[in-house]
Structure formats: structure tokens, C-alpha cells
């Protein structure tokens, strides 16, 4: 069974960011239709409370304690941990919100691992063993559907979709 990961971002008050709740809901449903496991990953100085929040949306959550996540740019710190996990784990896709931290995280993980990135998804379905990612382009005038050409990758999800 494959896995779909959701990286839980920290909100401005220290809890789970709203966009991560939205991403987790989408991935939970997608994992069910794809027959995959949905796994959350939280990286924070004290990941327990955020991991508990994310566990309300996903059946499994990994919590990684990283004190530097409170003092430095979260995305840079989190990217190193995600890349390290990817050295031993092989999720079919990694999902993160398309906010500033999520975009930075996706770019950093891509640079560290060589994984492709599909950005600003407005919808995702599972087709032929991989994600079919819907994206709005040209100011919303066109909808495109894209997938990864070489297996797995990172997908950023726009909020409120």
C-alpha cells in the first residue's frame, strides 16, 4: 500500500494552520479512493499539540521535535527533516498548503531530493496509479490537469478549494 503525506504547517498562534486542515481533509478523501495510507508529518519545537490537531483529520501522524523550527524559517528547517525521511520512506505524494511556508517548503524539498512539484492545485484525483492535479491558469480562464512524469512528487494545495 502506498502513502500520501500531509506536512502540517504551524499557524500564527502556534496551532495547526487552517490551510493544513484543508489539505488533510482533501488527502484523507484522496487516500481512501486511491487505497493508500494518509500520514501527517508535523515538525515543531513542541509538535504534540499540532500533531493532535492533525490527527483529527488523518489516521496517522508523525511528530518530529525540532527546537530550531521556532527560531529559524520553519520551511528551511522542515525541509531537511522531510528530505531525511524521504531517504528511507517512499510516499507516492507529499501535500502541503500553497501559502508562503508551503511553497518555500516544496521548493526546498525539491532542491534537496530532485522531486517534481505541482503548484497551486485546485483539485486532485487519483488516476492510473498517480495524482491528477487540477490547476487554474491565466487568471482562472483555463483549467489544466497535470501529473508527475517520473513517479512521486510534491503538490501544493490552494486554500479554500
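In the working numbering, the protein residues as written are 4 to 164.
In this text, a Cβ means the ideal position worked out from N, Cα and C, and glycines have one as well.
In this chain, the beta strand (DSSP E) harbouring residue 68 covers 63 to 68.
DSSP places residue 159 in the strand class (E or B) of the three-state scheme. Residue 159 sits buried, since 16 or more C-beta atoms from the chains shown fall within 10 Å of its C-beta. Apart from the 5 residues on each side of it in sequence, residue 58 sits with its Cβ closer than 8 Å to the Cβ of 43, 64 in its chain, given in chain order. Under the 8 Å Cβ criterion, the stretch 28 to 45 counts as touching the stretch 61 to 76, having at least three qualifying pairs. For residue 107, the closest of 92, 80, 117 by C-alpha to C-alpha distance is 80. Here DSSP, grouped into helix, strand and coil, assigns residue 117 to coil. As the crow flies, the alpha-carbon of residue 101 is around 10 Å from that of residue 26. With the rule of 3 Cβ pairs closer than 8 Å, the stretch 86 to 95 does not count as touching the stretch 13 to 27. If you check the CB distance, residue 10 and residue 110 do not come in under 9 Å.
Cβ-Cβ distances below 7 Å link residue 51 to 66 in the same chain, with the five nearest sequence neighbours on each side left out; the list follows chain order. The straight-line gap separating the alpha-carbon atoms of residue 149 and residue 133 is approximately 10 Å. According to the DSSP secondary-structure assignment, residue 96 is paired through a beta bridge with 7, 156. The residue among 114, 98, 144 with its C-alpha nearest the C-alpha of residue 12 is 98.
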